[in-house]
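Below you'll find the structure, written out as structure tokens, and then a few comments.
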Amino acid sequence: MLKQELETTFDNITIRMEKKNQLELSITKDGIMSVLSFLKNKGYDHLHVISCVDWIDDKQLELVYILSAYMKQDVPGETEQLNILLKTRIGRDDPKYITSIALFPAAEPYEREIHEMFGVDFLGHPRLTPLLLERDYDIPPFRKDFDTKQYVDDVFGSVPSVEGEDKN
Amino acid sequence: MDRNQLKKWFQNPVKMAHKYSLHVVYFCTGCGIIEIPPSITARWDAERFGIIPVATPRQASLFIIAGYVSLKTLRSIIRTYEQMPEPKFTVSLGSCPINGGMYYDSYNTIKHLEKYIPVDGMIAGCMPRPEAIFVGVTHLWTLIDKDMADGYKRYRSNYSAYRANQEKILGKLEWPPLFPIHGEE
């Protein structure tokens, strides 16, 4: 039912249902806001998380919005809780995307985290200030080209040992 | 009381009192804190050893750092350590504060804790059992007996080096130095 409505309403949408209660939607990046508001009006008004995947070979970042109805009674005709994974891909170099706070206020911390860990700039976000990290990183640390071992050797390895000075 | 130790009690009562009434502030950052509730409650009953958890660092004399230390927790570890009155002893629990442990290549975890604050004893293991905590504590007793648990003295004498390390990794610290820093005046 929902599948048919999505297919008739949106172009360029691919719908897969690999598990029983998990619907996977992929769409080009111009359709995300309209799909989100469509699903919100359908009753899927609970945004679990916004996640991000770095596809370094395709030179793309994938944003994943995970939605469900807060209670299954909210959606008429639904017999068990349906999780909706809404995926889109954006370019990896200087990534920018629009914020979804206007639809889901709960998106704010997730977008801050993705900004911090993957470097995605969410336009219209009220405060993209540091959330979890303490230091500044040249490359955002969750990207695949961030060499953690090299970084550890450079930063933590360069701190001199105090006890060594003591023995001299 | 052990009668064999009467001589020690008369020779240096203050040191013996420090030994047998270690007031602990636990730093509940990593997975190591899961070993603390069984060790302070009835099963292993740490109060047999005079170890009792206290509410604030102002009352504590032993600082147990349980588990990995990320950059943000390092900041509060330093603040907690500097608030404790002397004499103070530090024991780190688990392999992560020793050399990073399984977080050896993590971008956000401190690898060697002893570069930032002095550590008197390190209990290895991932995670150490509560028995290992008591072995570590009894070992700390012998260190206190021999005046070898002198981390707070080393912190005082090497403060400028410690502070430089802390500022190197954390950026500018927002609290004033605890001791005067050499080379500034």
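Respectively, the protein sequence lines represent chains A and B.
One point on numbering: in this note's numbering, the residue at position 24 of the first sequence is 24, and numbering is uninterrupted.
One point on numbering: in this note's numbering, the residue at position 53 of the second sequence is 221, and numbering is uninterrupted.
In this text, a Cβ means the ideal position worked out from N, Cα and C, and glycines have one as well.
Please read all numbers here as calculations on a predicted model, not as lab measurements.
- Minimum Cα-Cα distance from Thr28/A among the listed residues Leu86/A, Pro76/A, Ile50/A and Leu131/A corresponds to Leu86/A.
- Contact between Met117/A and Pro95/A is ruled out by a C-beta separation of about 12 angstroms, above the 8 angstroms threshold.
- Rounded to whole angstroms, the Cβ separation of Tyr271/B and Thr277/B is 4 angstroms, and the two are in contact under 8 angstroms.
- Taking C-beta atoms under 8 angstroms as the contact rule, Val237/B and Cys264/B qualify, at a distance of about 7 angstroms.
- Non-local C-beta neighbours of Ile13/A in its own chain, meaning closer than 8 angstroms and more than five positions away in sequence, comprise Leu6, Glu7, Leu25, Ser26, Ile27, Gly31 and Val35, ordered along the chain.
- One thing to note: His115/A has its Cβ no nearer than 8 angstroms to the Cβ of Phe104/A.
- The beta-carbon distance between Arg89/A and Glu62/A, rounded to whole angstroms, is 5 angstroms. This is short enough to meet the 8 angstroms contact definition.
- Interface with chain A (8 angstroms Cβ-Cβ cutoff): Ile245/B is excluded.
- Nearest Cα to Met71/A within the set Tyr65/A, Leu82/A and Ile56/A: Leu82/A.
- Annotation for Pro109/A: Leu131 place their beta carbon closer than 7 angstroms to its own, counting only its chain and skipping 5 residues before and after.
- In chain order, Leu61, Glu62, Leu63, Val64, Ile114, Met117, Phe118, Val120 and Phe142 place their CB closer than 8 angstroms to the CB of Cys52/A, counting only its own chain and leaving out the 5 sequence neighbours on each side.
- For the pair Tyr320/B and Glu250/B, the CB atoms are not nearer than the 8 angstroms cut-off.
- The C-beta distance from Phe156/A to Lys279/B rounds to 5 angstroms, short enough to meet the 8 angstroms contact threshold.
- Boundaries cannot be given for Gln81/A, as no beta strand (DSSP E) includes it and DSSP labels it neither H nor E.
- Annotation for Phe122/A: the continuous beta strand (DSSP E) segment containing it runs Asp121 to Leu123.
- Shown in chain order are the members of the stretch 217 to 247 of chain B whose Cβ falls below 7 angstroms from a Cβ of chain A: Leu239 and Lys240.
- Distances from the CA of His191/B to each of Ile245/B, Ser244/B, Ala228/B and Gly339/B were compared; the closest alpha carbon is that of Ala228/B.
- Of the candidates Tyr275/B, Gly268/B and Leu281/B, the residue whose Cα lies closest to the Cα of Ile232/B is Leu281/B.
- The beta-bridge partner set that DSSP reports for Gln22/A consists of Lys19/A and Asn83/A.
- In the DSSP assignment, Ile245/B falls within the unbroken alpha helix (DSSP H) covering Leu239 to Gln251.
- In this structure Ile301/B touches Ile291/B by the C-beta definition: roughly 6 angstroms separates them, less than 8 angstroms.
- Runs of the beta strand (DSSP E) lying entirely within the stretch 84 to 144 of chain A and spanning at least 3 residues, in chain order: 96 to 98 and 121 to 123.
- Looking only at Ile266/B, Pro286/B and Arg243/B, the smallest Cα-Cα distance to Ser325/B is reached by Pro286/B.
- Shown in chain order are the members of the stretch 133 to 151 of chain A whose Cβ falls below 8 angstroms from a Cβ of chain B: Leu133, Glu134, Arg135, Tyr137, Pro141, Phe146, Thr148, Lys149 and Tyr151.
- Listed along the chain, the chain A residues whose CB falls inside 9 angstroms of the CB of Ser274/B are Thr148 and Val152.
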